Amino acid sequence: MLTVDGTEGGGQLLRTALSLSTITGTPFRIEDVRGARPNPGLKPQHLAAVRVVADCCDAAVEGAELGADALTFRPGDERRTTLDADIGTAGSVTLLFDAVLPIAVTGDEPLELTATGGTDVKWAPTMAYHRLVKLPLLTDCGVEAAVDLQRTGFYPAGGGEATLRVAPSPLSPVALDRRGELERVGIYSKAAASLADREVADRQAESAREELAAAGLPADIRRVEYVEADSPGSSLLLRGVYEEGLVGVDALGERGRPSEAVAEDAVREFGAVHATDAAVDPFMADQLLVVLALAGGRVRIPSLTDHVRTNLDLLAQFGSDIESDRRADGTLVVAASALR
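In structure tokens:
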């Protein structure tokens, strides 16, 4: 059994461990879960991932309790292909999908997971990011997956619902070590219908377009929408399409924060990634490492963050032959052979 140090890692470390444990059949015990955080231990979001993955592979689990600082996970041999999960309030649906997707790709039968919770919430990619950035990048690696969004869920009520469908498929090596020139930045803006009178989604989109144009970046508004939701809220995605790369940056609106400020933050973050030679954004850097370990290949990511470092260490623990090379501009080229 592997012993994983959870001190520096967060939910991403746990989700990666759950995925790789199920795929490889290797049990693990994670200790000092989120120990370096102000509020350590397992939170509802993490427990939702544990429950769903355990349900998927008939795993034996010890320590799956709120606030627990250690968890033992022993994957079983069976695979369920139809799953449901209620994360509760505004726990992230997209992060739950992240834990299950690698397992489904390497399985024997198509998998369907319907989850309720938050689709556009803090500390997680929005549903637009998941559908328009992550899935297209994974499609290029051979992944066959789609997400249907039934209802958007903003913080704090959540109430969103989405279904992930994944078919088993052979993976192609990741080839994202070059980005090329920026072709366009697509702007996708969404707000609750209760904010339509204030034109929140329109203002976010137009402000982002103006900010990007002022920075000399080609941008166009691709979608502005108002949706029914249990809580008022808004989200904004900037999707940068490059010759050989894809970068996504999202931002969330909240009470008392002008729509123009949401756009300004998103454009600033996009500009920071654009200023590097990275082929993907910081969030996708974390996400692609699991696929990189399974498929092999190369990816150039913005920087060596603590998240990336802990995930690289975890992949090595599960037997991945993975190397990294830091470039002069601070970006990191990560290369791996497919995990056997």
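Once you know that position 26 of the sequence shown is 26 in UniProt numbering, the rest is easy, because the numbers rise by one and skip nothing.
Quick reminder that beta carbons are idealized off the backbone N, C-alpha and C, glycines included.
Please read these numbers as outputs of a predicted model, since none were measured by experiment.
With a cut-off of 8 Å on Cβ pairs, the stretch 247-258 is in contact with the stretch 270-279, counting three or more such pairs. By the C-beta density criterion, Q12 is buried, having at least 16 other C-beta atoms within 10 angstroms. Runs of the alpha helix (DSSP H) spanning 4 or more residues and lying entirely within the stretch 243-321 occur at 259-274, 282-295, 306-317, in chain order. Judged by DSSP secondary structure, R209 falls within the alpha helix (DSSP H) whose first and last residues are 200-214. By the neighbour-count criterion, in which a residue is buried when 16 or more other Cβ atoms sit within 10 angstroms of its Cβ, D98 is buried. The distance from the Cβ of E31 to that of D306 is about 18 Å, inconsistent with a contact at the 8 Å cut-off. The residue from P136, T310, L164, D140 with its alpha-carbon nearest to that of D148 is L164. Between the C-alpha atoms of R298 and G256 there is a straight-line separation of about 42 Å. Residues of the same chain with a CB within less than 6 Å of the CB of T106, apart from the 5 flanking positions on each side, are I23 in chain order. Inter-residue distance for D329 and V61 is about 43 Å (C-alpha atoms, whole angstroms).
Residue range 44-57 is occupied by the alpha helix (DSSP H) that includes L47. Excluding the 5 residues flanking it on each side, D177 has same chain C-beta neighbours closer than 6 Å at R298, R300, V333, in chain order. Classified as exposed, M1 has fewer than 16 neighbouring CB atoms from the shown chains inside 10 Å of its CB.
Ranked by how close their Cα comes to the Cα of S189, the residues P218, A213, T126 have T126 in first place.
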